[in-house]
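For reference, the structure discussed in these notes is given below.
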Amino acid sequence: MDEIEYKLKTNNAVLISNAISKLLDIINQKSKDTNYGDLSKTPELKLLLSKCVNENSVVSVTACQALVSLVETGVLPVASTLSNFIASLGVTENYSAVTVAISNLLLLDLRGRADQNEYLCPFTLKAPQHPLITVLNQKKDVWRDVLTQMQFIMNHHQNEIGCHSVELLRPVYLYILCNPSLSLSESCRQQTWHLLIKSRITKRLQIEALQWMRIKNINMCLETNYRLLELAEVVAANKDKQYCVSLMPFIVSTTIKLLEFNCDPRPNFDIVSLMIECSDSDSCSITVALLAEVISTCPSIYLFSVVQLCKKILEKLQCSAVVAYAMLASLLQWMAYPSFFSSDALEVARKLISLITDKTAWSCNISRLLSNQVFMALKHSDANIQFYTEICYCMESCSESTTLTWLKKIADAPNNMKYRCKLLLSGLFLYSDKPAVTIRTCEILVRIVKENKNFASHLLSLILYKLTTSRDYEEIKALLVALPELAVVKENIPLIIQTLETFLTSKNSLKYLAINLYLKAWENDTRCHRYLQAALVDASKTNKTWRSNVTCAKAMKYICENHPQHGIELVPLLSQTLNSCGDITGSTATALALEGISALCESGLIDICSTWKVLAPKMNKDKRTIVLVSLCKLFGRIPFYPSHPGDKFDKLVFEVITKLWTFVSTWDHVDVIRASFEALSEYKLENMSLKSLPAEYRKDITLPPLYAKTPMEAARKPEDVLPYIPSECWIQMLDKMNSSILNSAGNLLIAFVKEEINAYSQSIYICGQREHNSFNYLPASSVVRAIGDYLRTFSSSSNKHQESTVIECLRIFAEKYPKPLPPGKCSFLENTMSISTTAKHYSIAIACHQAVISSSARTIIENHLATLTTESKVESTSLFKEYLTLYMNLEDLCRGVPPNSLRPFLETSLNYTLEKAVLDSEKAVETFEKIMHCYSRTLKDETIHDANRTLLSIILEGLSERIDVDSKLFDSFVTAAIELSTKHIERMTSPSLWWEVTPQKLRMAAVIRSELLLRKKVESPLNWMNEVIDAAALIPGVQINILRIIQKVGVGMRTETSSAEWTLDFMGQINKTLLDAPEEDSIKIVTFLCDVLLVTTICLSATDCFLANDESLVISRDVKANLFPQAMAILSQKASSKETIGQIMDCLHHIRTSSIPESYKNAFHNALVSLKHERHFDIAWATFLSTKSNVNCLRNS
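Quick look at the structure:
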C-alpha cells in the first residue's frame, strides 16, 4: 500500500496508472474470494474511492475510470457506485472526471435495463433526480462537461445506446431548457437546444420542451423566441412541411408578445417568409389572423415588413375569407390616418387590399390542420394559438343560419371574450354580404366600443368603408345609426361631423336622419352640441315641411328631457314651433314641443305659472286631439313641478283642474277624455274643489246641517260653501259616463281611494266583535264611503246602465291597495255576484282582500271555496276562470283563510287542472301555468301565515312526482318550486332522502336545483349541484341530460366568484373517487365527473362560444378535451381564482397521472401546460415536468 501511495503522489501519469491498476487487481482478487466479507469495506476500495476526489486531475480521472471498470466487470453494482459518485460531488476538485464517470455508469445502467427495445429512464427532474442534473446543481460552471457527455451519448456508436439516448437524457434536456430560474448560462441553453434540434430522433422531446417554454417576461420571451427561430431554420432547411406548418403561427404569436416588450420583430418576419417556401396552407388562416393583430399593434417602423409578409402569404398560400378581411380591417385604420412614417408600407397595403377584395375563391383549411400531429401537440402551449384555432374553425364550420346563432352567443358572452373576438368579427363584418349578419355583427362591435373606447377609431374606419360597398337599405341604416356611438374618442369627431354635415346638405331624407344622429353623437361627446344646435336652427328656418318640424321637435323634446340645462337654449325654437305649426299637419310637432316645455318646467329651469300665461291664449283655442292629449300630460305633471306654493300657483291649479274637467264633460274624442282623467289622477283630492267639477256631476247636492244652521246659510250654493267634494258626486260622475271611458273614470277613483287608504291610521281597522253595517262612519268626502254605500244599496232590479256603474265600483274596490278597505259587512257581495261573470270575479276578489279583517268576507270566501271543492258539472273553461279568480288572490287567501278551509280547494283545483292538462287541453295548460305563477308570487310574500305556507309547500312537493320533466307543465312548476324554503327544496330534490333514485326523479331534481341557482341568489351556488352529480355518476342513462343542465348552469354562473373554489373541491372529489372506489367502478364514475368538470369549466369561461353547435359539448369527449385547457387558462385570469390556482394546478397534475381515459389525460396535461405562466409553476415545475408529456402521436419520433 505504501508503494501505491507513493506512486499516486507523483505527477507521473504512467506510475499513477500502474498504482491504480494494482489496486484494481487486489479488489478483483478479493471479489473472487467467496469467504471475503463486504467488499465495500476493503481498504483498497476505500482508497480508490478517496482518490476519485483527489486534487490531482490525473489521479482523479484514473481512479474514476477504475471504478467504472469494476462496475463493467460486475465487481461493483451500478446503483451504489453511482450513489458514491453523486455523494462525492460536494468535495471533489475535479468535476470533469466525476461527470465522465457518472455518464459511463448511466450507459452501463441503460444496457442493463434495456430489454427488447424498451427502456424507461429511472431518473426524473426531482426525485430520484437525474445524476447529471445533480452535477449541474452542484456546480453550474461544468455545464460544458455535461453537454460533452450528452453529445457523446446522443451520438454513441452502439445502436442500443443511441436509440435510447433521448429517453436517458430527457430530464437533463428539460432541466436546462425549461428551468424558469434561467440559472444556467445562455450559451448552455443555446448549445443544448442545438444538440436537441439537430438530431433526427428528438422530435418528441423538442415538442415537449416547446410546450413548457414561456414568454411571461421579456427575458423568457426573448429566450423562447430564439429557440423557435433556431428550430425554424433547421426544419426549413430540412423541408419538413409538417413542422413548418405548425411553427409558423407560433412564431407570429411570439411576435405579438415581442411587440409588447418593445423588441424588434423583424427577424421573425424573415424566418416566416423563409418557411412559406416549404409550407402549405393548413395554418395560413391562423397565421394571417395573428398577423392582423400584429398590424393593429405594431409601430410604424415595422409596418412595411409585416405588410410585405402578409402580401407574400396571400399570394402563395390560401386562407379563409373572414380572416383575410380581418387583415383588411387592421389595414384600414392605418389607411385612415396616413403619415410620413407609414407611406411606403401603405403603398404595399393598397396592393394587399386589392388582392383581398379582388379575390373570389377562398379556402377553409383548419380541419386539415387539426390532423397535424405536431400542431395539435403544441396548440395548448400558446393562448393566441388556442384562441384563433378554435374561432377560425368555428367560423369555417358555420353556415349562414348558424352564423346568426353563433353571433347571438358572442353577443351574450362576457365583455373580455367579445373584445378578444374583435378582429375576426371585423373581418366577418367587412366580408359578409348578408344584411342580417352585417347588422348583428355591427351591433356587437358597437357594444365592444362601449366597454373599450380605444376600439372606436378602428370601428369607424370599418363602418365608413362598409358604407361605400353596402346596397341594402336596412344595412345602411344600421351602419349610419352606429356612427354616433363612436363619438367617444376625440379623433373620431371630425370624421363623424364631416359625414353628418354631408347628410345635412342632401335633398333627401338623410338630412332628417342627420339630426337624429347628431343627437346621439352629442350623447357621447358634448363637442357635438354646437353642431346639433346649428342643425336644428337651420332646419327650423329653411325647411317648413311636416317631417322637418317633427324631426326637430322630437330632438328638442329629447334634449329638454335628458339635458334640460341645454334645453333652456331651445326655448325660442320651441316657441317658434308652437307658433308655426298651427294647422293639422303641425299637430305632432306641437305636441312634441309641449312635452319639451313640460320637461323644462319639471327641471325647474322655467316657471310653470309664467309659462302657462304665455301658452294659454293659444292653447285654449286649440282643438287638435294630439295637441290636447299632450297638453293634458303637461297638466298632469304640474303637481311635480318644483314651483313654490302661492296664490299664483293655487290659481293655476284651479284653472288647470277646471279645464281638465271641462275636457271630460264636453269633449267628444275618447283620447282627450282619457288623457284628462290620467292628468286629474295625478292631483290629490284636496286640490279639487266642488266648483271645479262639471255641474252635471254635482246635482241635488244639499248642504249638510253643519253648513245650513240658518235659512240664509241653507240658501247658499254648496259649491260656494263646501271645502270638499261630497262623495256622492263621484257616483253621479260614474252614472253619467259613457261606457267607452268608464274605466278611465274608475281609474281616477282608484287613485283617490289609494290616497285615502294610505292616510288611514291603524285604529280604523279596530271595530270590535261586530262589523259596521255601512260606511257612514267615514267622512262625507270619502270616496270609499260613496262606493261602499252605493254597492250596499244595489238592487237586482236595476237597469243595465246602473249595472255597469256597479261593476265599475266593484272593479274600484277589487283593486289591490296597500291596506284592506275600511271594515264593514261584506254581505252585499252575495248580491253583486249574480249580476254577471265579471261582477262575480270582482266580488270574489274584494272578499279575498277583506277576509283578513272581515268575518263576513271570510265566510263568503269559505262558502265559495266549498262549492268549488265539490264535484261540479260546470264547463271546464268556466271552472278554470273560477279557479283563477281565487288564485289571483292567493296571497290574501293565505292571510285570511285557515288551512283546513283552503286545502280542499287547492288540492281539488290542482288535480282537476292537472288531469285536463295531461290530456293536452290548451286551456288547462294555460290555467296550470297561471296557478303556478300565483304559487310563486304567494310564496315570496312574507306576510302570509306560516301554516298556509307549509300547506302550499306540501302540495308543491306532491306535484313533483306527478309531472314529467319533459312535460310542457314542468317549467311553470319549477317557477313555483324554486320559491320554496331550503328545507322543502332539499327534501324534494335530495337523492339521499329518497327511497329510490330513478332517472326521472334525478332529472327533476337537477332542473329544480339549476333553476334555483340561475334565478335566485344562493350562497356557493355550484355546490347545490354536487349531490345530483354524485347520484348521476351511478346512473349512466341520465348522464347526458345532467350534462345539458350543467351546461346551462355554467353559462349562467359566469360571474360567480365562488366557481374557483368549487372547481378545486370538485377536483378533490375526483381524486378521492380514484383512491376509494374499486378500479373498474372508479373509471366509470370518474369519467362522468371529468365530463362534469370539463363542461362546467368550459361554460364558466365562455369558451363554449367557439362552438357552432352547443350539443357537441355534451356528447363529444374530444370537444370537451379540446376546449378545457383554454377554459382553465381563461378562468385563471379571474381575480377569484388567484388564491386557488396553485392547488388547481397540483390537482391537474395528479389527475393526469391517474387511471382515466387517455383523452382526458391529455386534456388535464394540456390544461397544465396552458397554466405554465402562473406563479405556482415556478415552484412546482420540476414535479410537473417529471411526468412525461402525453405526446402519443410522436412517441416514435
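Note that UniProt numbering gives residue 948 to position 948 of the sequence shown, counting from 1, and the numbers run on in steps of one. Glycine included, each C-beta is placed from N, C-alpha and C at the ideal position. Note that this is a predicted model, so its numbers are computed, not measured.
Practice problem: Can you check the stretch 159-240 for any alpha helix (DSSP H) of at least 4 residues that lies completely inside it and give the ranges in chain order? | Solution: 159-162, 165-178, 186-197, 203-212, 218-237
Quiz prompt | Residues of its chain near S727, where Cβ-Cβ distance is below 7 Å and the 5 sequence neighbours each way are ignored | solution = A780, S781, S782, V783, R785, A786
Exercise. Determine the burial state of M1145: buried for a count of at least 16 other Cβ atoms within 10 Å of its Cβ, exposed for fewer.
Key: buried
Quiz item: What residues are listed by DSSP as bridge partners for E1027?
Solution: Per DSSP, none; premise fails for E1027.
Quiz item: Expressed to the nearest angstrom, what Euclidean distance is found between the alpha-carbon atoms of S774 and P822?
Solution: 10 Å
Quiz prompt | Neighbourhood of L510 by C-beta, 6 Å cutoff - its chain only, sequence neighbours within 5 removed | solution = F503
Practice problem: To the nearest angstrom, report how far apart R547 and C560 are at their CA atoms. | Solution: 20 Å
Quiz item: Unbroken alpha helix (DSSP H) runs of length 4 or more, entirely within the stretch 482-513: which are they?
Solution: 493-504
Quiz item: Using a Cβ-Cβ cut-off of 7 Å (strictly less than) and excluding sequence neighbours within five positions of A13, which residues of its own chain qualify?
Solution: V58
Quiz item: Alpha carbon to alpha carbon, what distance is there between Q373 and C1193?
Solution: Low confidence applies here, because C1193 scores a pLDDT of 44, under 50, leaving its location unreliable and the question unanswered by this model.
Quiz prompt | Nonlocal neighbours in the same chain, by C-beta distance under 7 Å from T192, ignoring five residues either side | solution = L147, Y173, I176, L177
Self-check item: Assumed close pair M248, S279 - CB separation to whole angstroms, cut-off 8 Å
Solution: 6 Å
Quiz prompt | T124 - partner residues in DSSP beta bridges | solution = Q129
Quiz item: Using the C-alpha atoms, what's the distance from K1188 back to N1196?
Solution: Note that N1196 scores 40 on pLDDT, short of 50, meaning its location in the model is unreliable; the coordinates nonetheless yield the value given after this. C-alpha separation (whole angstroms): 14 Å.
Practice problem: Could you please give the first and the last residue of the uninterrupted alpha helix (DSSP H) stretch that includes C284? | Solution: 284-297
Exercise. Would you kindly report the start and end of the unbroken alpha helix (DSSP H) that includes C394?
Key: 383-397
Practice problem: State the DSSP-derived secondary structure class of Y777, mapped to helix, strand or coil. | Solution: coil
Quiz item: Quick one, which of K408, S283, M275, C188 has its alpha-carbon nearest N365's?
Solution: S283
Quiz item: Roughly how many angstroms lie between the CA atoms of C188 and T254, to the nearest whole one?
Solution: 22 Å
Self-check item: Through-space distance from A1163 to R1003, alpha-carbon basis
Solution: 28 Å
Quiz item: DSSP on D622, reduced to helix/strand/coil?
Solution: coil
Quiz item: What are the start and end residues of each continuous alpha helix (DSSP H) run of 4 or more residues lying completely inside the stretch 714-759, in chain order?
Solution: 718-721, 728-736, 742-759
Quiz item: Whose C-alpha, out of T577, V629, P617, P564, is nearest the C-alpha of I606?
Solution: P564
Quiz item: Taking DSSP as the reference, what is the three-state secondary structure of D1076?
Solution: helix
Practice problem: Within its chain, find whatever has a CB closer than 7 Å to the CB of S339; leave out the 5 residues flanking it on each side and keep chain order. | Solution: S300
Quiz item: According to DSSP, is K1172 helix, strand or coil?
Solution: coil
Self-check item: Straight-line gap, L168 to N179 (C-alpha atoms, nearest Å)
Solution: 18 Å
Quiz prompt | Given 8 Å, three or more beta-carbon pairs between the stretch 842-858 and the stretch 908-921 | solution = no
Practice problem: Could you have a look at K257 and say whether DSSP puts it in helix, strand or coil? | Solution: helix
Self-check item: Of the residues V71, I20, T42, the one placed nearest M60, counting alpha carbons only
Solution: Going by the sequence as given, residue 60 is Ser instead of Met. When only C-alpha atoms are compared, the closest one is I20.
Quiz item: Going by C-alpha distance, which of R962, L956, L951, S878 is nearest E915?
Solution: R962
Quiz item: So, helix, strand or coil for H945, using DSSP?
Solution: coil
Quiz item: Are L748 and L680 closer than 8 Å when you measure CB to CB?
Solution: yes
Practice problem: Determine the extent of the alpha helix (DSSP H) in which Y887 is found, giving its start and end residues. | Solution: 876-887
Quiz item: Leaving out five residues before and five after N104 in sequence, what residues of the same chain have Cβ atoms less than 6 Å from its Cβ?
Solution: V68
Quiz item: Closest by CA to F341, which one among A361, Y302, K311, V322?
Solution: Y302
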